[in-house]
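K.L.:
Take this structure first; my questions come after.
Chains as they are written, first to last, in our numbering: chain G, 1485 to 1923; chain Y, 1485 to 1923.
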């Protein structure tokens, strides 16, 4: 949708909202629909090709309004997470369908998804141990638990441990910044030997510093054998898995108990929208469900996503997904991902062609980690000059002790000329900086 | 703003967004402003009288755009929570100002605010005990902790305990459904005698079932003397405290460590927007702060609300507050609250005038708890018929073993005629029901 169409459609939507408010008394206060009404009104999968805005818009009255906010909000979300799960070729176990035990939910951020998974895992292991040892107190069991993540994992993973009052350890990564099976196995053995109870591993696909991928095909079987909940956090990279050529990066997902990525990061859905799937809905609901009289309702069969999250109230975020997926179609979204990866590769080539620079990590998706050959101080100065010039903005990281610059292609409107201009600018500032140095 | 103006202003806003996107390359990628730039650009308090939309709108370019998303998002939020705190006449301790130790933050829901307060209190008590007894482990201390709330508290309070892995007890309420000082004192003494460590009390002002108020002026001094963190949850009722005649309901706030209410419930701000204040920002930040390299930035002095909440990402929700408070003015918002309370009183009079019914709890704000004199089954049947007719929708509660109907005035457009029609409808259905009964 270009700006001209956005103006037209935006104004139509303003009128729709005003009409709705002016005529609200003509609408029923409570819907007539039967639980599960929505699924049959829309296709089972996201469209391959883009649809017209008219078609999308007219479905608001046909599909949403009969179910008002509830149960439409819950039901559309369930179906949209099924659509998205199918786009990612998630194993059937993760889909809700009409009879599945799994399913998806929209969280606000990956931080919340990790926390929810961790708390569900905690609740599950406590129940499991108490089933065999009814004498052991929850507090005692929790004091023995230990959760793991990559030493490259996002800070929110450690923070989830802090919130849940749980011991959290970092597994060292290999020279590609990936956690490998043997590294996890080693720590598990050490910890079991000292009486700890490993119960949760958070794998990262696409780490924040360098977009590295933990080796889930090695880690998953270990977690399954050791009865450790495996959560996969693919906050950024997950969007790319809708392309067949990137889907192998998700191999091993079949071993996971829960999986999460952020369509708001790279799939054109506005913030916030973090998609989370679990194989067993009951694991999550069991950890959180509270049902006082004022929360009971006649649509229990539609489910209630409040039991899947920290807040109680919910917004109608699945509408964003529904609109975006239909306006772009799967092919449009794939093209968008591929374009960004192509632009990152273009930047990588520019860096590699310049002998003063080095690439610091494999460029797999839209992130390029690079630095001037030389000291950390030199690179810190370069970064400061780049950001102070306020033409582009880069966020750094540390990789194996080295201060590294990160070039991330992530805006909807980024084109080749922006990448070229950015490189020109960086290269110019680097030349200035290097000339100032004593030889 | 009526529907006609909404149409006009909404369309102007669509154009503004389109213009912004079309011309985005002319804007700086990173703001030039100094941390703290925003506070001096806007008044220190919310306006008494409504302002014109033009005046509000033109401040977007003047106040927000120079600070882009960051630091404008954080700074406007801090100032808006100061505005709102002043509207509620919160003690100075809770305001950020330019030098205060307290301050406010927008959470998504009251559930999150309670959880944050509980976790901050947990972290604080653990540090406090470890300062005197460095040998005691965190796990051991946590296993001894106990938190409290009213037996009328919202289910989210109990759920926060579940999430934090913390023991949570309910304090019995008096015949007005309020927790009194002696009830808390009694439980504290019993628990201390068995070696437990009381550390947190969540008081409710305006309970969900009946809008009852815990006696904070009695409870606060006890909590302060016993070094127990007192959090006040006024999710619904809090909005009313902007009216001088309802402000006494908040008396005792000076004893609290944290306070929360939901402007999205009753102050015309769209969901989600839950306002939370703390006396010591460092208590909260200390419990959550994680600062990897990729999250460091040059505007640290503006603060970072990510350390105050569960998610890491944040939306620009303070814009909603800014617009609403200026479009209504304090007087407009007070008039809105008073109108709703008046409508609830009107409904109460209708109920009281009908001998078949009884009022089940004091009507203080916009909620009327009522029932047919008679059995719970009778009232359950009445509720079922009311809701099945789909003209109005009521949510029930249990009060002292009785099944009670709740009439809540909470929509922006509710007028006296709606209340009259609702009563007429309820009364008619009650007549039908009572006629069917054997005499």
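Note that beta-carbon positions come from the ideal geometry of N, C-alpha and C, so glycine has one too.
1) So residue 1540/Y and residue 1811/Y are supposed to be a Cβ contact under 8 Å. How far apart are they, rounded?
2) Evaluate residue 1897/Y with the Cβ neighbour count: other Cβ atoms within 10 Å of its Cβ, from every protein chain shown; 16 or more gives buried, anything less gives exposed.
3) What residues of chain Y sit near residue 1777/G, judged by a beta carbon separation below 7 Å?
4) I believe residue 1800/Y touches residue 1553/Y by the beta-carbon criterion, under 8 Å. Please report the beta-carbon distance rounded to the nearest angstrom.
5) By DSSP, does residue 1636/G sit in helix, in strand, or in coil?
6) Give the list of continuous alpha helix (DSSP H) stretches no shorter than 4 residues that lie fully inside the segment 1722-1801 of chain Y.
7) Which same chain residues end up closer than 7 Å to residue 1597/G when comparing Cβ atoms and leaving out the 5 residues on each side of it in sequence?
8) State the DSSP-derived secondary structure class of residue 1676/Y, mapped to helix, strand or coil.
9) Kindly say whether residue 1785/G, judged by its beta-carbon, lies nearer than 8 Å to any beta-carbon of chain Y.
10) Listing by chain order, which chain G residues have their CB less than 8 Å from the CB of residue 1767/Y?
11) Rounded C-beta distance between residue 1721/G and residue 1695/G? I'm assuming under 8 Å.
12) When we look at the beta-carbon of residue 1561/Y and count the other beta-carbons within 10 Å, is it buried (16 or more) or exposed?
13) Whole angstroms is fine: what's the gap from residue 1491/G's alpha carbon to residue 1661/Y's?
14) Please work out which residues of its chain come closer than 7 Å, Cβ to Cβ, to residue 1456/G, disregarding the five sequence neighbours upstream and downstream, and give them in chain order.
15) Does the contact criterion of 3 or more C-beta pairs under 8 Å hold for the segment 1884-1894 of chain G versus the segment 1847-1856 of chain G?
16) Using the DSSP secondary-structure output, state which residues sit across from residue 1698/Y in a beta bridge.
17) Can you pull the DSSP bridge partners for residue 1882/Y?
18) Taking all protein chains shown into account, do 16 or more other C-beta atoms lie within 10 angstroms of the C-beta of residue 1513/G, making it buried, or fewer, making it exposed?
19) My output table needs one value for residue 1848/G: the three-state DSSP class, helix, strand or coil.
20) Are the beta-carbon atoms belonging to residue 1770/Y and residue 1736/Y less than 8 Å from one another?
21) How long is the line joining the alpha carbons of residue 1582/G and residue 1764/G, rounded to whole angstroms?
22) Is the segment 1830-1849 of chain Y close to the segment 1699-1713 of chain Y, with three or more CB pairs under 8 Å?
23) Please classify residue 1512/G: does DSSP put it in a helix, a strand, or coil?
24) Please identify the residue among 1509/Y, 1504/Y, 1680/Y, 1549/Y whose C-alpha is closest to the C-alpha of residue 1515/Y.
25) Suppose contacts are defined by Cβ-Cβ distances below 8 Å. Is residue 1817/G in contact with residue 1752/G by that definition?
26) Using a beta-carbon distance cut-off of less than 9 Å, what residues from the segment 1505-1518 of chain G approach chain Y?
27) Compare the C-alpha of residue 1678/G against each of 1715/G, 1628/G, 1642/G, 1699/G and name the closest.
28) 8 Å is my cut-off, CB to CB: does residue 1623/G come that close to chain Y?
29) Do residue 1587/G and residue 1574/G have their beta-carbon atoms positioned less than 8 Å apart in this structure?
30) Using a Cβ cut-off of 7 Å, pull out every chain G residue sitting near residue 1796/Y, in sequence order please.
31) Can you give me the Cβ contacts of residue 1653/G inside the same chain, cut-off strictly under 7 Å, excluding the 5 residues immediately before and after it?
32) List, in order along the chain, the chain G residues whose C-beta lies closer than 9 Å to that of residue 1495/Y?
33) If we cut at 8 Å on Cβ distances, does residue 1604/Y have a partner in chain G?
34) Among residues of its own chain, excluding the 5 on either side of residue 1785/G, which ones have a beta-carbon nearer than 8 Å to its beta-carbon?
P.N.:
Concretely, from the data shown:
1) The beta-carbon separation of residue 1540/Y and residue 1811/Y, rounded to 6 Å, stays under the 8 Å limit for a contact.
2) exposed
3) Residues of chain Y with a Cβ closer than 7 Å to the Cβ of residue 1777/G are, in chain order, 1880, 1881, 1882.
4) 7 Å
5) coil
6) Qualifying alpha helix (DSSP H) stretches, in chain order: 1747-1750, 1765-1772.
7) 1591, 1744, 1758, 1760
8) helix
9) Unreliable placement is indicated for residue 1785/G, whose pLDDT of 49 sits below 50; no coordinate value is reported for it.
10) At a beta-carbon threshold of 8 Å, none of the residues of chain G lie near residue 1767/Y; the nearest stands roughly 15 Å away.
11) 6 Å
12) buried
13) 53 Å
14) Lying before the first or after the last residue shown, residue 1456/G is absent from chain G, which here runs from 1485 to 1923.
15) Because the criterion of three Cβ pairs below 8 Å is met, the segment 1884-1894 of chain G and the segment 1847-1856 of chain G touch.
16) Bridge partners of residue 1698/Y: none, in fact.
17) Note: residue 1882/Y sits in a beta bridge opposite 1887/Y.
18) exposed
19) coil
20) Not a contact, by the Cβ cut-off of 8 Å.
21) 14 Å
22) no
23) coil
24) 1549/Y
25) yes
26) 1505, 1506, 1508, 1509, 1512, 1513, 1514, 1515, 1516
27) 1628/G
28) yes
29) no
30) 1593, 1595, 1640
31) 1630, 1632, 1671
32) Result: 1491, 1494, 1495, 1498, 1499.
33) no
34) Residue confidence is low: residue 1785/G scores 49 on pLDDT, short of 50, so the model does not pin down where it sits. Its coordinate-derived value is still stated next. Excluding sequence neighbours, residue 1785/G sits near 1519, 1520.
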